[in-house]
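A short write-up of the structure that comes next.
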Amino acid sequence: MVDWRSHEVETACLDAYVRIDAFVLGVYLYWYCLTLNAIEMPLFLRNLKFSYTHIPYVLGRAGGVAGAIIMITLSTEDYGSYCERLRPVMPVVAAIVVTCSSTNIAIRPLTLFRRNYYILGVLGVALITHWLMATTAPTGKCVAALSASENHSNMIILFYTYTILWDLLILGFTIYGLATCLPAQTSPLWRRLYSQGVVYVIATALLNIPMLPQELPSALWYLLLLLFH
């Protein structure tokens, strides 16, 4: 059985990650430029009226671009000379991208249940908790400077797990709200639910779940391997 925590395996995985990351970041920047005319340009040209719902969308995309630039810089230059300068920025960028993405899709159930104060309160508390965790979970260390075997804070593990559960909660309330408030035949939100709801939750889970083994303590990780292998 492959020892996923060995230095050799993690080094090989990191090398593969950097190569894949460069390709994905290039695709993301290309897609970002193609979609600027959807929200950002109309807002800039004042052809679109500003709304508070645009804030997580614009901040999340801007954070994604900033993160892409940082990752490209770290991938093409010596890590040591840039790590200390980028260290304060990286946790902020991560918080913006991850939390704004969830907040963006949370606007739908918040709108659907705007007259149901109980559900609105549950969603509001969960949303605020996610933002608080996003600001406290990062270690503040540059990822490139960390040892391959260095353990991270348990708060990061909780943040990854909470993000997945929060997105699932958003999806569940969105489906329930659409089913009770809007007929499937009359609402275009049902079609968008599949692309912006279901697909997003699946993509988030696929991105966050692989991070958990890297953050779990060795003993707990091997216990999980024994239980589910």
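With full-length UniProt numbering, the residue at position 59 of the sequence shown is 59, and numbering never jumps.
The beta carbon of each residue, even a glycine, is placed where N, CA and C say it ideally should be.
State the Cα-Cα distance for the pair C13 and Y117, rounded to the nearest angstrom. On the sequence shown, position 13 is the one that residue 13 refers to. On the sequence shown, position 117 is the one that residue 117 refers to. Cα-Cα distance, rounded: 47 Å.
If I'm right that A68 touches L25 with Cβ under 8 Å, what's the distance once you round it to whole angstroms? For the purposes of this step, residue 68 is taken as the residue at position 68 of the sequence shown. For the purposes of this step, residue 25 is taken as the residue at position 25 of the sequence shown. A68 to L25, Cβ: 4 Å. Contact.
Limits of the alpha helix (DSSP H) - the one that T35 falls within: Here residue 35 refers to the residue found at position 35 when the sequence shown is read from its first residue. It is not in any alpha helix (DSSP H) - T35 carries neither H nor E in the DSSP assignment.
Going along the chain, which residues of its own chain have a beta-carbon closer than 7 Å to the beta-carbon of N47, five neighbours each way excluded? What you label residue 47 is simply residue 47 of the sequence shown in a count that begins at 1. Correct list: empty, nothing qualifies.
Give the range of the alpha helix (DSSP H) segment to which Y117 is assigned. Within the sequence shown, the letter at position 117 stands for residue 117. Here the alpha helix (DSSP H) through Y117 covers Y117 to T136.
Can you have a look at L168 and say buried or exposed, based on whether 16 or more other CB atoms are within 10 angstroms of its CB? The sequence position of residue 168 within the sequence shown is 168, counting from 1. Burial call: exposed.
Considering only the alpha carbon of each residue, which of A66, Y176, I20 and I96 lies closest to L110? As a working note, residue 110 is residue 110 in the sequence shown. It is Y176.
Roughly how many angstroms separate the alpha carbons of H54 and I39, rounded to a whole number? Stepping through the sequence shown from its first residue, residue 54 is reached at position 54. Stepping through the sequence shown from its first residue, residue 39 is reached at position 39. Rounded to whole angstroms, H54 to I39 spans 8 Å at the Cα level.
Could you work out which residue in F113, L112, V98 and M41 is closest to A134 when comparing CA atoms only? As a working note, residue 134 is residue 134 in the sequence shown. When each option's Cα is compared against that of A134, the closest is V98.
Where R114 falls, given that 16 or more other Cβ within 10 Å makes a residue buried: Position 114 of the sequence shown holds residue 114. With fewer than 16 Cβ atoms within 10 Å of its Cβ, R114 is classed as exposed.
Identity of the residue in R85, N104, A62 and I105 nearest V93 by Cα: Along the sequence shown, read from residue 1 onward, the residue named residue 93 stands at position 93. Measuring from the Cα of V93, the nearest candidate turns out to be A62.
If we count the other Cβ atoms within 10 Å of its Cβ and call it buried at 16 or more, is H130 buried or exposed? By 1-based counting over the sequence shown, the position of residue 130 is 130. It counts as buried.
C-beta atoms of R108 and T174 nearer than 7 Å: Mapped onto the sequence shown, residue 108 falls at position 108. Mapped onto the sequence shown, residue 174 falls at position 174. Yes; because the gap between Cβ atoms is below 7 Å, this pair is in contact.
Mark F50 as exposed unless 16 or more other C-beta atoms lie within 10 angstroms of its C-beta, in which case mark it buried. Here residue 50 refers to the residue found at position 50 of the sequence shown. It is exposed - the Cβ of F50 has fewer than 16 other Cβ atoms within 10 Å.
For F173, three-class secondary structure by DSSP: Here residue 173 refers to the residue found at position 173 when the sequence shown is read from its first residue. DSSP places F173 in helix when its eight states are reduced to three.
Length of the line joining the Cα atoms of P42 and T180: As a working mapping, residue 42 is identified with position 42 in the sequence shown. As a working mapping, residue 180 is identified with position 180 in the sequence shown. One C-alpha to the other measures close to 33 Å.
V18 versus S6 - alpha carbon distance: To locate residue 18, count along the sequence shown from 1; it is residue 18. To locate residue 6, count along the sequence shown from 1; it is residue 6. Approximately 18 Å between the Cα atoms of the pair.
In whole angstroms, what is the alpha-carbon distance linking I20 and V199? One-based indexing of the sequence shown puts residue 20 at position 20. One-based indexing of the sequence shown puts residue 199 at position 199. Their backbone Cα atoms lie some 21 Å apart in a straight line.
Look up L45 in the DSSP assignment and say whether it is helix, strand or coil. As a first step, residue 45 must be located in the sequence shown, where it is residue number 45. Residue state, collapsed to three classes: coil.
Please look up how many angstroms separate the CB atoms of N104 and G64, rounded, as I've assumed it's under 8 Å. In the sequence shown, counting from the first residue as 1, residue 104 sits at position 104. In the sequence shown, counting from the first residue as 1, residue 64 sits at position 64. That pair is no contact at about 12 Å.
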